[in-house]
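Reminder that position 593 of the sequence shown reads as 593 in the UniProt record's numbering, one-by-one numbering, no gaps. Quick notes on the structure that follows.
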Amino acid sequence: MSKEKQRREALLYHAKPQPGKIKIVPTKPYSTQRDLALAYSPGVAEPCLEIEKNKDDVYKYTAKGNIVAIISNGTAVLGLGNIGPEASKPVMEGKSLLFKIFSDIDGIDIELDTTDVDKFVETVKAIAPTFGGINLEDIKAPEAFEIERRLKEELDIPVMHDDQHGTAIISAAALLNALEIAGKKIEEVKIVVSGAGAAAVSCTRLYKSFGAKAENIVMLDSKGVIRSDRDNLTSQKKEFATDRKIDTLEDAMNDSDVFIGLSIADIVSPKMLKSMAEKPIVFAMANPDPEIEYSLACKTRKDIIMATGRSDHPNQVNNVLGFPFIFRGALDVRATKINEEMKKAAVLALADLTREPVPEQVNIAYDATRLTFGKNYIIPKPFDPRLITKIPPAVAKAAMESGVARLPIQDWEKYEEELYQRSGNDNKVVRLLHNRAKVNPKRIVFAEAELLDVMKAAQIVHDEGIAKPILLGNKETIENLKEELEFDAEVPIIDPRSDEFKEMRATYALKLWELRKRKGETKYSARVNMGKRNYFGAMMLKEGDADGMISGYSRAYPKVLRPVFEVLGRAKNVQNASTVNIMITDRGPLFLADTSINIDPNAEELAEIAQMTANVAKTFGFKPVMALLSYANFGSSSHPNAQKVREAVKILHERNPDLVVDGEIQTDFALDPELSNNNFPFSKISGKKVNTLVFPNLESANITYKLLKGLNNADSIGPIMVGLTRAAHILQLGASVDEMVNMAAVAVIDAQEREKRRKAKMQGE
Numbered sequence: 001m002s003k004e005k006q007r008r009e010a011l012l013y014h015a016k017p018q019p020g021k022i023k024i025v026p027t028k029p030y031s032t033q034r035d036l037a038l039a040y041s042p043g044v045a046e047p048c049l050e051i052e053k054n055k056d057d058v059y060k061y062t063a064k065g066n067i068v069a070i071i072s073n074g075t076a077v078l079g080l081g082n083i084g085p086e087a088s089k090p091v092m093e094g095k096s097l098l099f100k101i102f103s104d105i106d107g108i109d110i111e112l113d114t115t116d117v118d119k120f121v122e123t124v125k126a127i128a129p130t131f132g133g134i135n136l137e138d139i140k141a142p143e144a145f146e147i148e149r150r151l152k153e154e155l156d157i158p159v160m161h162d163d164q165h166g167t168a169i170i171s172a173a174a175l176l177n178a179l180e181i182a183g184k185k186i187e188e189v190k191i192v193v194s195g196a197g198a199a200a201v202s203c204t205r206l207y208k209s210f211g212a213k214a215e216n217i218v219m220l221d222s223k224g225v226i227r228s229d230r231d232n233l234t235s236q237k238k239e240f241a242t243d244r245k246i247d248t249l250e251d252a253m254n255d256s257d258v259f260i261g262l263s264i265a266d267i268v269s270p271k272m273l274k275s276m277a278e279k280p281i282v283f284a285m286a287n288p289d290p291e292i293e294y295s296l297a298c299k300t301r302k303d304i305i306m307a308t309g310r311s312d313h314p315n316q317v318n319n320v321l322g323f324p325f326i327f328r329g330a331l332d333v334r335a336t337k338i339n340e341e342m343k344k345a346a347v348l349a350l351a352d353l354t355r356e357p358v359p360e361q362v363n364i365a366y367d368a369t370r371l372t373f374g375k376n377y378i379i380p381k382p383f384d385p386r387l388i389t390k391i392p393p394a395v396a397k398a399a400m401e402s403g404v405a406r407l408p409i410q411d412w413e414k415y416e417e418e419l420y421q422r423s424g425n426d427n428k429v430v431r432l433l434h435n436r437a438k439v440n441p442k443r444i445v446f447a448e449a450e451l452l453d454v455m456k457a458a459q460i461v462h463d464e465g466i467a468k469p470i471l472l473g474n475k476e477t478i479e480n481l482k483e484e485l486e487f488d489a490e491v492p493i494i495d496p497r498s499d500e501f502k503e504m505r506a507t508y509a510l511k512l513w514e515l516r517k518r519k520g521e522t523k524y525s526a527r528v529n530m531g532k533r534n535y536f537g538a539m540m541l542k543e544g545d546a547d548g549m550i551s552g553y554s555r556a557y558p559k560v561l562r563p564v565f566e567v568l569g570r571a572k573n574v575q576n577a578s579t580v581n582i583m584i585t586d587r588g589p590l591f592l593a594d595t596s597i598n599i600d601p602n603a604e605e606l607a608e609i610a611q612m613t614a615n616v617a618k619t620f621g622f623k624p625v626m627a628l629l630s631y632a633n634f635g636s637s638s639h640p641n642a643q644k645v646r647e648a649v650k651i652l653h654e655r656n657p658d659l660v661v662d663g664e665i666q667t668d669f670a671l672d673p674e675l676s677n678n679n680f681p682f683s684k685i686s687g688k689k690v691n692t693l694v695f696p697n698l699e700s701a702n703i704t705y706k707l708l709k710g711l712n713n714a715d716s717i718g719p720i721m722v723g724l725t726r727a728a729h730i731l732q733l734g735a736s737v738d739e740m741v742n743m744a745a746v747a748v749i750d751a752q753e754r755e756k757r758r759k760a761k762m763q764g765e
């Protein structure tokens, strides 16, 4: 993607459909006059009076305890420098978004038009009663140090400058693990720190608190080594000035054990890297380009343990591993501050988490056979669902033990369950989906590439590295669309009707005739069909000329389904193909089946649909907890419709006793764990959070998923086709660009899984 194209897309993302990335929504009913009278006058007076009597009741009656202010003056924004408060607002809104999606904290961004430390501090102090915590952001050094110090001393709520402490906490955890792998002790290693800004100072201080020795540390700024005999050093730089007679980074790197880069790109040469001690630890964290390129560093030193700030390499030092969870723990015990004990607790929790077995969901997200503690895995992945249940409790316990917690937690098991429920981790399916597809993108046929929205989707999957698109349709039309969209990448364009692909079309037609000659197909009809994009695309999959296919944007589902079924057919031991829709809801993802194919399946077919749906859930890293739905509950009706579901459950229990599935059950009982536990304690899903719903017929499934999509604005991934011989997936008529992108990612993952199974089978033979 060109920089100009990327620029326009970024601007459009922030401007449409409404400006900005966050909004405020009510948390209480407001539909009736009674609701409004309680929300405002006269009812609102009651909590006001209670808070007047006891100021701490503000946490009981308002949202203060879950609101963090994200405050900046725009003096050090990303790599953009001093761009001012208004220009910093998109970044602060982005931080609010991360707080919400990772830890369910409401972030309110506040941009202050002052560079004066006193005015900044006084302003924040004046507005502090509104908030449960203060996250300082993008404030230049040295003012940042003084602002944070004063606010921590003068306020009784958590305050943290994330630019300093976020990187410090994450990198310290990575460093502890890297040292263990290298067999080195932090008290003995020689550390070089390139950079002397807020993050570098905070990192080095934290390393010292874990045992790093001042005499073993060399820090550099833009002028070179910070030596004690240099003039005009700030107090922070004086703290790390060395007495050693060295001047350059090259000198400092000689025989060093650890390099910490928080500076600029490409300042570390292979020669410098070779001069380091055995098993060097290199954290090149300059963004977007590190101090030494990852592949060059690994090529230069086979024994290197390396981390960067980038997501496309192992060991990403990403602040999102820290600040959402640190503030979550601090808020939940109403801490008066974030102290050193709490930061160190976060470091140790992150380090310890890395050593634990990695959940299958994380392995799946990163397309890893098995992530294990080692040189390529020294820090947890941002998508790890355990972060919310590990880091906040560690921080909260440290707050309690250090005496800054005002609301100690009594029931830790209950607290961890509450964290998981509010975390939003279950709602990260789309990010997991795209991330996993990018690891090993496959060739995906876009059978309707002559249409603008389809072409937009193809462009996105190409530019994002999700898939390698193959475009079917009239070449001139497609080229014109590409020009209109500034899609200048070289991607295959195939027109099944053109003379250019006459030979390919003839070969495919003969293959189709051989496949279906006893099912009414003639050589003439096969030639005609191979001029149609859905037949042609399906045959590309069958012959191995593509890995996956999506179609259906412009045609009714049955019309697209027929050529896919005729060419590809059902997989071995599958009686009926079916579909699954993943609905992204507030309670987490819901897997719904069968939403598109089987009109009225019998008990045997329903059991097969349920089993294939369970496999889809597992593919996405979720343990299926399944309810087979009906209008009846566990034998309350003898009607054949209810009996069919009951029989399907019996089949599933007999064939797969380990599968967590039950029914027949009504939807409200299935979705409410307490309700099911109170009424049906004998059920396999009693008291459990159901994430997979299997419907008794197509009518109920299709209506339900479209109701969820239409009324609740629930995002949908699907229909995901299961039970075919190849990775072909059919869109709903008029699917959005985002839905097509998601389905292309599904097709890639489907193809990846099939490839894995083929390789495993070959190895077994």
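Backbone N, C-alpha and C define an ideal beta-carbon position, used for all residues, glycine too. Note that the structure is predicted; figures quoted are calculated from it, not measured.
C-alpha gap between residue i and residue j, whole angstroms
i	j	result
N425	D384	Residue confidence for N425 is low, a pLDDT of 46 falling below 50, so the modelled location carries little weight; the figure read from the coordinates is stated next. Taking the straight line joining both Cα atoms gives about 8 Å.
M530	S700	36 Å
V439	I409	41 Å
K140	I597	59 Å
A182	D257	10 Å
G20	R8	15 Å
E148	M92	17 Å
D289	A399	37 Å
Q421	K517	55 Å
N615	V445	24 Å
Selection from the options that minimises the alpha carbon distance to residue i
i	options	result
L206	G224, K475, F240	F240
G133	D156, H313, T115	D156
N66	K55, L331, A396	L331
A10	A307, G74, G94	G94
S103	M253, F259, G329, T725	G329
P158	L350, V124, K623, V649	V124
Q543	S551, L512, R516	The displayed chain sequence assigns Glu, not Gln, to residue 543. Checking every option, the nearest Cα to that of E543 belongs to L512.
H653	N633, T619, L628, D672	L628
R301	I326, G322, K274, R386	K274
residue 775	R386, M549, A286	One cannot answer for residue 775 here, as it falls past the ends of the chain, which runs 1 to 765.
M160	Q763, G81, M342	M342
R244	R443, S228, V746, E250	S228
Supposed contact pair residue j and residue i - C-beta distance, whole angstroms, cut 8 Å
i	j	result
D255	K190	7 Å
M626	S578	With 8 Å as the limit, M626 and S578 do not qualify as a contact, their Cβ atoms being about 14 Å apart.
A76	D138	5 Å
P563	K532	7 Å
L321	L387	7 Å
CB of residue i within 7 Å of CB of residue j, strictly
i	j	result
V333	A405	yes
I305	I281	yes
L112	F99	no
Y553	E479	no
A437	I720	no
N315	A307	yes
T234	P142	yes
M219	M253	no
A571	T725	yes
H729	M740	no
P85	N73	yes
T372	E416	no
S683	D662	yes
E291	A284	yes
A593	A648	no
A345	V395	yes
**Q.** Within the region 330-402, ranges of the alpha helix (DSSP H) (whole runs, at least 4 residues)
**A.** Fully enclosed alpha helix (DSSP H) runs of 4 or longer: 340-355, 360-365, 387-401.
**Q.** Runs of beta strand (DSSP E) lying entirely within the UniProt domain "Malic enzyme N-terminal" (19-152), each at least 3 residues, in chain order
**A.** Runs of the beta strand (DSSP E) inside the UniProt domain "Malic enzyme N-terminal" (19-152): 67-72, 106-111, 133-136.
Q) In the region 256-323, which residue ranges form an unbroken beta strand (DSSP E) of at least 3 residues, counting only runs that do not cross its ends? A) Entirely contained in the region 256-323, the beta strand (DSSP E) runs reaching 3 residues are, in chain order, 258-261, 281-284, 305-308.
Q.
Quick check on the DSSP output: what are the complete beta strand (DSSP E) runs of length 3 or more inside the region 623-679, in order along the chain?
A. Listed in chain order, they are 625-629, 660-665.
Q.
Ignoring anything shorter than 3 residues, give me the beta strand (DSSP E) runs that lie fully in the region 537-617, in order along the chain.
A. DSSP assignment within the region 537-617 yields the following whole beta strand (DSSP E) runs of 3 residues or more, N-terminal first: 548-551, 578-585, 588-593.
Q) Of all the beta strand (DSSP E) runs that stay within the bounds of the region 714-742, which reach a length of 3 or more residues? A) Runs of the beta strand (DSSP E) inside the region 714-742: 715-722, 727-730.
Q: May I have a chain-ordered list of the alpha helix (DSSP H) segments no shorter than 4 residues that lie completely inside the region 466-496?
A: Within the region 466-496, the complete alpha helix (DSSP H) runs of at least 4 residues are 475-485.
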